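Reading through the structure tokens given below for one structure.
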Amino acid sequence: MKILVINAGSSSLKFQLIDMETSSVIAKGNVEKINEKGSFLKYKAKGEEHIYTQDIANHSEGMELLLSKLTDERVGVVSSLDEIGAFGHRVVNVGESYFDSTLVTSEILEDFRLKADFSPLHVPGAIAGMEASMKLCPNKPNVAVFDIGFHKSIPEHVYRYAIPRRYYDTYKIRRYGAHGTSHYYVTQRCAELLGKKPEDINIVSCHLGSGASITAVKNGKSFDTSMGFTPLEGIMMNTRSGDIDPAVVEYICNKEGKTASEVVKILNKESGLLGAIGTGMMDMRDITQNLSDPNVKMAFDMYCHRIKKYIGSYMAVLGGADAIVFTAGCGEHTPELREAVTEGLEFMGVKFDKEKNNNAPRGAEVEISAAGSKVKVFVIPTDEEMVIAEETLKTINNLK
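Per this note's numbering, the very first residue in the sequence shown carries number 750; after that it's consecutive.
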């Protein structure tokens, strides 16, 4: 079966067409700037990349454009849309009623709309992507795969906040986490690399991209994770503040006459590395090339310190770990970051190999710990789309 994986944002639509028989990506790309000036489709297939620029007013038009390219005589990879067996959609969080992947129906979509406030920056785009797929291919199954799914196993004493219980009972305010498909994927791969079953390993998984989260994996299952009710909690990120005293929000509101919503927007969009450096710089490649700048170095040190702090705390709650795993854009491609984060962890049993780290090919799966290290250190490129495709296939098969 061929499955089209869709990751829809408010103005974007990323996709991969995956052949499940060969576990290979046939085509991939993204539609950007939907309902904005300069909208375009970037399409990669058959070893070529094409960019198609045109007005794209909504997700349905974006989906229609990419489907037309998949079946195009020159650049297409399928003879007709009948070859696509199903659509798998990434959904960030619509509450604890939805941890397990589910078949999308009109009733499910309506429930998603009612619960979009769990992740208001992401869920509306996902709904639009699902609606577009259902409109253009009405006879194909659509499956929602949730970012929080892997974190279903977090115990109550870990996911609950120390606030009045009525807020959990009434509004389900709790730790949900994110990047579950990524943390699940690297857990499975790490177990294979260690020659063990997933249920026999403990790891600390560091998903370090523009959004970043760290997960303590106990016996192959999520036990704790850094992101919380929203993706704002946890380590600092490209533009997100991460952990912060909540009283800071009220303080800024009083000092600058802002609303709480305005301050939360600042914490999401203008903080993190971007805010700490203060010059518009937030890309880790630029940061590592400018560490001679004291302000840039300070922000880099902040970032590494917070990652290290989470790793240390998670090693404690796990009672030790078999491995630390770096994944996602910054984790996979930044040796300076990996070295800074692991420095000083020798007391935990981590022996880091600087030469292996510095010579690791970009995007390669590689061990970067030294021989004899009790705690292994790996770089494992993530594959969230493959996990979504596998979950989609599993969900469909369970319905038969």
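Glycine residues also receive a C-beta, built at the ideal position from the N, C-alpha and C atoms.
What you are looking at is a predicted structure, and each value in this text was computed from that prediction instead of being measured.
N-terminal and C-terminal residue of the beta strand (DSSP E) that residue i is part of
i	result
alanine 1072	1072-1076
alanine 1113	Here alanine 1113 belongs to no beta strand (DSSP E), and DSSP marks it neither H nor E.
leucine 790	789-794
glutamate 845	Where glutamate 845 is concerned, there is no enclosing beta strand (DSSP E), given that its DSSP letter is neither H nor E.
valine 1128	1125-1128
glutamate 797	797-802
serine 962	961-967
Chain-order list of residues whose beta-carbon lies under 7 Å from that of residue i (same chain, five-residue window excluded)
i	result
glutamine 765	Val754, Val774, Lys777, Glu1134
alanine 1089	Cys1053
asparagine 1107	Pro1084
arginine 862	Ile876
phenylalanine 867	Asn842, Val843, Gly844
6 Å CB neighbourhood of residue i in its chain, flanking five on each side removed
i	result
histidine 1082	Arg1111
alanine 1177	Examination of residue 1177 is not possible in this model, given that the chain is present from 750 through 1149 alone.
glycine 874	Ala757, Gly758, Ser759
tyrosine 847	Phe895
Counted within 10 angstroms of its Cβ, other Cβ atoms place residue i as buried (16 or more) or exposed
i	result
glutamate 1156	Since the first residue shown for the chain is 750 and the last is 1149, residue 1156 is missing from the structure and cannot be characterised.
tyrosine 920	exposed
methionine 1047	exposed
serine 772	exposed
leucine 1148	exposed
proline 1130	buried
aspartate 994	exposed
histidine 906	exposed
Those residues which DSSP pairs with residue i across a bridge
i	result
isoleucine 756	Strictly speaking, residue 756 in this sequence is asparagine, with isoleucine absent from that position. DSSP lists Lys763 as partners of asparagine 756.
aspartate 768	Lys751, Ser773
phenylalanine 895	Val840
glutamate 781	Phe789
alanine 1048	Note: alanine 1048 sits in no beta bridge, so no partner.
serine 868	Beta-bridge pairing links serine 868 to no other residue.
isoleucine 833	Lys751
serine 902	BP columns for serine 902 are empty, so no partner.
Close Cβ partners of residue i (< 8 Å) along its chain, the five nearest in sequence each way excluded
i	result
valine 824	Tyr792, Ala794, Lys795, Glu797, His799, Lys818
isoleucine 903	Arg924, Gly926, Ser971, Phe972, Asp973, Thr974
aspartate 1132	Tyr934
tyrosine 1036	A quick correction: the sequence has isoleucine, not tyrosine, at residue 1036. The residues are Leu1022, Ile1026, Met1030, Val1045, Ala1048, Phe1049.
glutamate 813	Ala881, Leu885
valine 826	Leu766, Ile775, Ala776, Ala794, Lys795, Leu819
Boundaries of the alpha helix (DSSP H) in which residue i is found, first to last residue
i	result
histidine 862	Position check: residue 862 holds arginine in this sequence, whereas histidine was assumed. Residues 855-863.
serine 971	No alpha helix (DSSP H) contains serine 971, which is instead part of the beta strand (DSSP E) from 970-974.
histidine 928	Run containing histidine 928: none; DSSP gives neither H nor E here.
threonine 1037	1033-1037
leucine 1016	1009-1018
leucine 957	Not the alpha helix (DSSP H): leucine 957 falls in the beta strand (DSSP E), residues 952-957.
threonine 1141	1133-1148
arginine 915	914-920
The region 1112-1124 contacting the region 1095-1102, beta-carbon criterion three pairs below 8 Å: yes
contact_flag[the region 822-838, the region 1137-1149] where n(CB pairs < 8 Å) is 3 or more: yes
Three-pair Cβ contact test at 8 Å for the region 1061-1074 versus the region 951-958: yes
At least 3 beta-carbon pairs within less than 8 Å: the region 883-895 vs the region 843-851: yes
Three-pair Cβ contact test at 8 Å for the region 980-992 versus the region 1014-1022: yes
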